[in-house]
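These protein sequence lines are chains A and B, in that order.
Numbering-wise, the numbering used here comes out as the position in the first sequence, counting from 1, plus 49.
Numbering-wise, the numbering used here comes out as the position in the second sequence, counting from 1, plus 13.
Beta carbons are placed, not taken as given, at the ideal position from N, Cα and C, and that holds for glycine.
Remember, it's a predicted structure, so these values are computed and weren't measured experimentally.
See below for the structure under consideration.
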Amino acid sequence: SQQGEEDPQALSIQEGENATMNCSYKTSINNLQWYRQNSGRGLVHLILIRSNEREKHSGRLRVTLDTSKKSSSLLITASRAADTASYFCATDLLFPNSGGSNYKLTFGKGTLLTVNP
Amino acid sequence: GAVVSQHPSRVICKSGTSVKIECRSLDFQATTMFWYRQFPKQSLMLMATSNEGSKATYEQGVEKDKFLINHASLTLSTLTVTSAHPEDSSFYICSASGTSGGEGETQYFGPGTRLLVL
């Protein structure tokens, strides 16, 4: 099953409004990251929050993390039409491999955000 | 920020042929590269992780003989889809990180390769 589950699956708002997306996960994590993906393109890293942090800001982005509830939220304030994209949360877990050890990301299903001008 | 490129961006091939996708880190040394597959309107699914000079680690359910991964240098990893079939049609995305397991390491993603198998 998916480690990260975002809700809502789709969100449509007007320009200038705030958009809030939530992510839940099942197992313990080291960090949680949020990514953005424009249609048919690669992912852009937005923000990383460590497991010992509760809130983080970056420009118009605000991320919270509640490890007791195993959930995170991404808030985009004063949205713009250019913010239209899919947003994914991803949790990273340490795992051993033949080359040593790695942190691998497990992505949620994503939230499709549409900001109408 | 760090830049990762993929080539080709789009490929159409006949069923039964093999397709090679390249992933390059342009301005940093990528000790670890990841390959993901994304079906339409779905999330990214990790296929395999490769460390430079080591064998790739494949996720459960991913056939290593079908999806050959080579990470021969610190700036290049390749994914070869052998004997491609229509069900292999998907969006393949690579990512690269600069260390092999540092806490909070950010993965930098390539723009993706759209594969269509006829």
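- Within the segment 70–97 of chain A, those residues whose Cβ lies closer than 8 Å to any Cβ of chain B are, in chain order, N79, N80, Q82, Y84, G89, R90, G91, L92, V93, H94, L97.
- The distance from the Cβ of A:F137 to that of B:S108 is about 13 Å, inconsistent with a contact at the 8 Å cut-off.
- Separation of B:L81 and B:G66 (C-alpha to C-alpha, rounded to the nearest whole angstrom) is 14 Å.
- Contact annotation, A:S100 with A:T126: C-beta distance approximately 25 Å; criterion of less than 8 Å not satisfied.
- Note on A:S121: 16 or more other CB atoms within 10 angstroms of its CB, so buried under the neighbour-count rule.
- In this structure, the alpha-carbon of A:Y84 lies about 33 Å from that of B:T30.
- DSSP lists A:L92, A:S135 as the bridge partner or partners of A:Q86.
- A Cβ-Cβ contact shorter than 8 Å links B:Q19 with B:T126.
- Annotation for A:P57: T160 place their beta carbon closer than 7 Å to its own, counting only its chain and skipping 5 residues before and after.
- Taking all protein chains in view, the Cβ of A:S61 is surrounded by fewer than 16 other Cβ atoms within 10 Å, so the residue is classified as exposed.
- Taking the C-beta atoms as reference points, B:V24 is found no nearer than 8 Å to B:V17.
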